[in-house]
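Novice: Dumping the structure here so I can ask a few things about it.
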Amino acid sequence: MYDYVIIGAGSAGCVLAARLSEDPEVRVALIEAGPPDSAEEIHIPAAFGKLMQTSWDWAYLSEPEPGLDERRKYLPRGRMLGGCSSVNAMIYIRGNAADYEEWRALGAVGWGWEDVLPYFLRAEDNERGANAWHATGGPLRVSDGRSQHPIMQAWVAAAEQAGHPHTDDFNGPAQDGVGFYQLTQRDGRRWSTADAYLRPALSRPNLWVITDAVATRLLFDGDRAVGVEVERGGARSELRAAREVLVSAGAYNSPQLLMLSGIGPADELRRHGIAPRIDLPVGENLQDHVHVPLAYRTGTPTLRTAESAENLELFIREGRGPLTSNIGEAGGFFRSQDDLSAPDFQVHATPVAFLDDGLAAADEDAFIAGACQLRPTSRGRVSLRSALPTAKPRILHNYLTTAEDLVTMVRAVRTLLDIAGQPALAPHRGEPLRAPASDREDDIIHHIRRTAHTLYHPAGTCAIGPVVDAELRVHGVAGLRVVDASVMPTVVRGNTNAPTIMIAEKAADLVRGRAPGSTHTMSVMSCGLAQPAVLDHPHEYPRTL
């Protein structure tokens, strides 16, 4: 019996486990379906692509996407301690203040910009120091990238030549502009939520971390959630929660677990032989940032040759060199029309050919600038494939199935073409590797439909309002909350890792009934490649170190 059982040790779950276990009077269990984050590739920033389609990845596949010529798209998700924060591109973006004002307008009371900013600041330890927009002393290290490739410097210069302003801070007073991203890195190494939050908390005797344990269904006593059934090593067992069960399994897995437990669209549940407990639109409202790349060959050496013994030694010894690259080093935020109140597309530029969902081998030197739509009007759905907990869910994003979304992406691609033609890029830009045949609309649309893929930011499937209330409590169930990107009413303008951490920071206060300004005790801990200690059982972290 625990006080709190947290399902999913990802970007949100690690935060919850650390914050809730600050109280020595409560017992906290953190359950993760995957293994500990022991692979060296997790901690080397430039190596994250090597984790795709391995045991560290849920490796989902979408249903045929009607807006992408019926292509099924690969959807990677982190399956280890740290979750997607252990496999992402480490870009630190909070979104736009307008995103949170929209949440509040949609009924998410307490989630406006002034409400959430204190939680971003509580989490942050920015190496540039504190100011009106940033903080120091939090668990999450935010750093300037230690690898700024010459092609990326040229791309930023080209964007400025095209008339776009430079910015040193996408999380400052204005989001618009181009520049280099700040990253969740410490000393040149990945700084996941497992590094930032979980490891400093492992010495607490009231925190249990259980890996390789797949949650199969929630347990109830009447209308109250009282625990979870897990499958581990071929055996099933139950973990009970005296106070609350917190589902932090992500925008695909959280709705799947709720539906397997009888919480979801009643008719669909009955089709799978599941008795409906509560009829809620779980799995609806799926949103994501769809990404369209433009790639150009180059005579300039790229990160394709970064994996050398010399660079690995430099990384290990000094935390410097090309292996510290997050791949998406540069980019910016843009408005496709002058009358917009905030940016509606973002660009990620990479000094390597990161193509075909990141699965294609970079067999020639090339660089990419890709645009993603920040405010999609298309909506998808996560649904059950079967009542088997091990069956992967059906995921249909419906990318680019509205006219508004397609128009935005056409304008975004034209912006990329304009930047690519500027003089600053001329020394590096060779023949197109992936680009439209011309700037005609039909050629651009053809390019979009045959090359677009996810930017790995699914959200909205257990949204505040339809599925959970403003305190993230599932409607109609006591003792059950969802805490992850699935609760976003609308996906934020930008990368979703920092907002997910913010959601978990705020959720921890909601669970404990604490005000945003309450004192916190988390400390920052340096990161190395050494792995955490384990018990004799290889899948369970110790209660004490």
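Here full-length UniProt numbering is used: the sequence shown runs in plain steps of one and ends on residue 545. Every residue gets a Cβ at the ideal spot worked out from N, C-alpha and C, and that includes glycine.
Is it buried or exposed, T415, if we count other Cβ atoms within 10 angstroms and call 16 or more buried?
Specialist: Classification of T415: buried, given that the 10 Å Cβ count is 16 or more.
Novice: What are the uninterrupted segments assigned as beta strand (DSSP E) that are 3 or more residues long and contained completely in the segment 356-439, given in chain order?
Specialist: Listed in chain order, they are 366-373, 381-383, 394-396 and 432-434.
Novice: Measure from the alpha carbon of M152 to the alpha carbon of each residue in G430, H397, G331 and V511, then state which is nearest.
Specialist: Residue G331 is the option with its Cα nearest to M152.
Novice: Pick out whichever of P139, L480, T490 and P66 has its Cα sitting closest to the Cα of Y100.
Specialist: Ranking P139, L480, T490 and P66 by Cα distance to Y100 puts T490 first.
Novice: On the DSSP bridge assignment, give the partners of Q268 in chain order.
Specialist: A small fix is needed here, since residue 268 is Glu in this sequence, not Gln. For E268, which the question treats as bridged, DSSP gives no partner whatsoever.
Novice: Looking at G430: is its Cβ nearer than 8 Å to the Cβ of Y296?
Specialist: In contact: G430 and Y296 (Cβ atoms closer than 8 Å).
Novice: Just the Cα atoms here: how many angstroms apart are H453 and A242?
Specialist: In a straight line, the C-alpha of H453 is about 42 Å away from that of A242.
Novice: In whole angstroms, give me the CA-to-CA distance for T305 and A360.
Specialist: Approximately 15 Å, taken between the alpha carbons.
Novice: Between which two residues does the beta strand (DSSP E) containing T350 stretch?
Specialist: First-last of the beta strand (DSSP E) with T350: F345 to T350.
Novice: Taking 6 Å as the limit between beta carbons, can you name the residues of its chain near V87, skipping five residues before and five after?
Specialist: Counting only Cβ-Cβ distances below 6 Å, and skipping sequence neighbours, we find F48, L51 and G78.
Novice: Just verifying my parser: in three-state terms, what is the DSSP assignment at Q148?
Specialist: Q148 falls in the coil class under three-state DSSP.
Novice: For the alpha helix (DSSP H) holding S254, just list the boundary residues, first then last.
Specialist: Residues G250 to L260.
Novice: Hey, V15 and Y197 are a contact pair by Cβ (cut 8 Å); roughly how many whole angstroms apart?
Specialist: About 5 Å separates the two Cβ atoms, so the contact holds.
Novice: Is it the case that the Cβ atoms of T324 and G179 are separated by a distance below 8 Å?
Specialist: No, the Cβ-Cβ distance between T324 and G179 is not below 8 Å.
Novice: Checking the sheet assignment: what are the DSSP bridge partners for L51?
Specialist: None; L51 has no bridge partner.
Novice: Report the option in N398, A154, G137 and P205 whose CA atom is closest to the CA atom of A424.
Specialist: The candidate whose alpha carbon is nearest that of A424 is A154.
Novice: Give me the Cα-Cα distance between R122 and A59, rounded to the nearest whole angstrom.
Specialist: The straight-line gap from Cα to Cα measures roughly 33 Å.
Novice: Have a look at A504, I501, D357 and E32 and flag the residue whose alpha-carbon is nearest the alpha-carbon of N253.
Specialist: Selected option, being the one with the closest Cα: E32.
Novice: Let me check understanding here. Comparing Cα to Cα, which of T461, C372, R473 and H164 lies closest to T451?
Specialist: Selected option, being the one with the closest Cα: C372.
Novice: Using the three-state DSSP reduction, which class does Y2 fall into: helix, strand or coil?
Specialist: Here Y2 sits in strand by DSSP.
Novice: Measuring CB atoms only, is the segment 121-141 touching the segment 395-405, in the sense that at least three cross pairs come out at less than 8 Å?
Specialist: No: fewer than three Cβ pairs fall under 8 Å.
Novice: Compute every distance between the C-beta of L183 and the non-hydrogen atoms of the ligand FAD, then say whether any falls below 7 Å.
Specialist: Within the structure as shown, the ligand FAD is missing, as the structure has no ligands at all.
Novice: What is the DSSP secondary structure of residue 546, counted as helix, strand or coil?
Specialist: A query on residue 546 cannot be resolved here, the shown segment of the chain reaching from 1 to 545 and no further.
Novice: Are there 16 or more other CB atoms within 10 angstroms of the CB of Q256, so buried, or fewer, so exposed?
Specialist: Counting Cβ neighbours within 10 Å, Q256 comes out buried, since at least 16 surround it.
Novice: What does the Cβ neighbour count give for R364, buried or exposed, with the cut at 16 atoms within 10 Å?
Specialist: Here the sequence assigns Glu to residue 364, which means Arg is not the residue at that position. That one is exposed.
Novice: Excluding the 5 residues preceding and the 5 following R375 in the sequence, name in chain order all residues of the same chain whose CB lies nearer than 6 Å to its CB.
Specialist: Once the five neighbours on either side are set aside, the close Cβ partners of R375 are D344.
Novice: So, helix, strand or coil for T136, using DSSP?
Specialist: Note: T136 maps to coil in three-state DSSP.
Novice: Taking the alpha-carbon of P351 as reference, which of V156, V5 and D169 has the nearest alpha-carbon?
Specialist: That would be V156, whose Cα lies nearest to the Cα of P351.
Novice: Counting pairs of beta carbons, one from the segment 227-235 and one from the segment 54-71, are three or more of them closer than 8 Å?
Specialist: No, they do not touch.
Novice: Candidates L218, R434, T302 and L106: which alpha carbon is nearest E231's?
Specialist: Selected option, being the one with the closest Cα: L218.
Novice: Near P322, what residues of its chain come up, given a Cβ to Cβ distance below 7 Å and the 5 sequence neighbours on each side ignored?
Specialist: Answer for P322: A46, S147, L303, A306 and N311, listed in chain order.
Novice: Excluding five sequence neighbours on each side, which residues of the same chain lie with their C-beta closer than 7 Å to the C-beta of T496?
Specialist: So the qualifying residues of the chain are H457, A459 and A485.
Novice: DSSP has residue 546 in a bridge; who is on the other side?
Specialist: No statement about residue 546 is possible, as the shown extent of the chain runs from 1 to 545 and does not include it.
Novice: In chain order, what residues of the same chain have a beta carbon less than 6 Å from the beta carbon of P276, not counting five sequence neighbours either side?
Specialist: Here the set comprises G262, A266 and L269.
Novice: Could you have a look at Y119 and say whether DSSP puts it in helix, strand or coil?
Specialist: Helix, per DSSP.
Novice: Does N131 pass the burial test, meaning 16 or more other C-beta atoms within 10 Å, or should it be called exposed?
Specialist: Exposed: under 16 other Cβ atoms inside 10 Å.
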